[in-house]
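**Q**
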Amino acid sequence: MESKNFFDDVYDVVRQIPEGRATSYGSIATFLGTKLTARMVGWAMNACHGMPDVPAHRVVNRDGMLTGKHFFGTPTAMQELLEQEGVKVKNDKIVDFKKVFWNPSDELL
DNA sequence: GGGTTGACTGTTC
DNA sequence: TGAACAGCCAACC
């Protein structure tokens, strides 16, 4: 892992998220070792624009709610992307988030 | 180098 | 049950 900084590390983890799956900021932060930096993960995602390899739409908050959908340019882009991958979204929230939840510590560990 | 911000999380009122 | 407050770390100005 050439994790130069936190951003690069976050991108690397998000990039490992399989299609049709989603994870939470806290999980990524915890995997990185600093579970208290969940907000930083969101910040990293804010800078992920221009990185097609970073599926930010697969990263949601602990409730599975698309908190960052507003940052996708269109408030429905995030939901559409998830639905295209087979993830059902209802009221800006991922349906059966527990099923589609992808734990980095469980796959990358 | 110091202060502010942030797509969060957990606890408390 | 629902909403509000505090905490933490790292990047940006």
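Following our numbering, the numbering of the first sequence begins with 1351 at its first residue and continues without gaps.
Each residue gets a CB set at the ideal place from its N, CA and C atoms; glycine is no exception.
#1: Among residues of its own chain, excluding the 5 on either side of Phe1447, which ones have a beta-carbon nearer than 8 angstroms to its beta-carbon?
#2: Given a threshold of 16 other Cβ atoms within 10 Å of its Cβ, counted over all protein chains shown, does Thr1340 qualify as buried or as exposed?
#3: Taking the alpha helix (DSSP H) that Arg1365 belongs to, which residues open and close that run?
#4: Note down, in chain order, each residue of its chain lying with its Cβ closer than 7 angstroms to the Cβ of Ala1397, except the 5 sequence neighbours on either side.
#5: Considering only their Cβ atoms, is the gap separating Tyr1361 from Met1401 smaller than 8 angstroms?
#6: Rounded to the nearest angstrom, what separates Gly1418 and Leu1459 at their Cα positions?
#7: Looking at C-alpha atoms only, which residue of Phe1381, Ile1367 and Glu1457 is the closest neighbour of Glu1435?
#8: Kindly indicate which three-state DSSP category Lys1438 falls into: helix, strand or coil?
#9: Assuming Asp1359 and Leu1382 make a contact with CB atoms under 8 angstroms, what is their CB distance in whole Å?
#10: Please report the distance separating the alpha-carbon of Leu1386 from that of Phe1451.
**A** On the basis of the data shown:
#1: So the qualifying residues of the chain are Ala1372, Val1410, Asp1413 and Gly1414.
#2: Only positions 1351 to 1459 of the chain appear in this structure, which leaves residue 1340 out of reach.
#3: Start and end: Phe1356 to Arg1365.
#4: Contacts found: Phe1357.
#5: Closer than 8 angstroms, so yes.
#6: One C-alpha to the other measures close to 27 angstroms.
#7: Checking every option, the nearest Cα to that of Glu1435 belongs to Ile1367.
#8: Reduced to three states, the DSSP call for Lys1438 is coil.
#9: Contact annotation, Asp1359 with Leu1382: C-beta distance approximately 6 angstroms; criterion of less than 8 angstroms satisfied.
#10: Take the alpha-carbon of Leu1386 and the one of Phe1451: they are about 20 angstroms apart.
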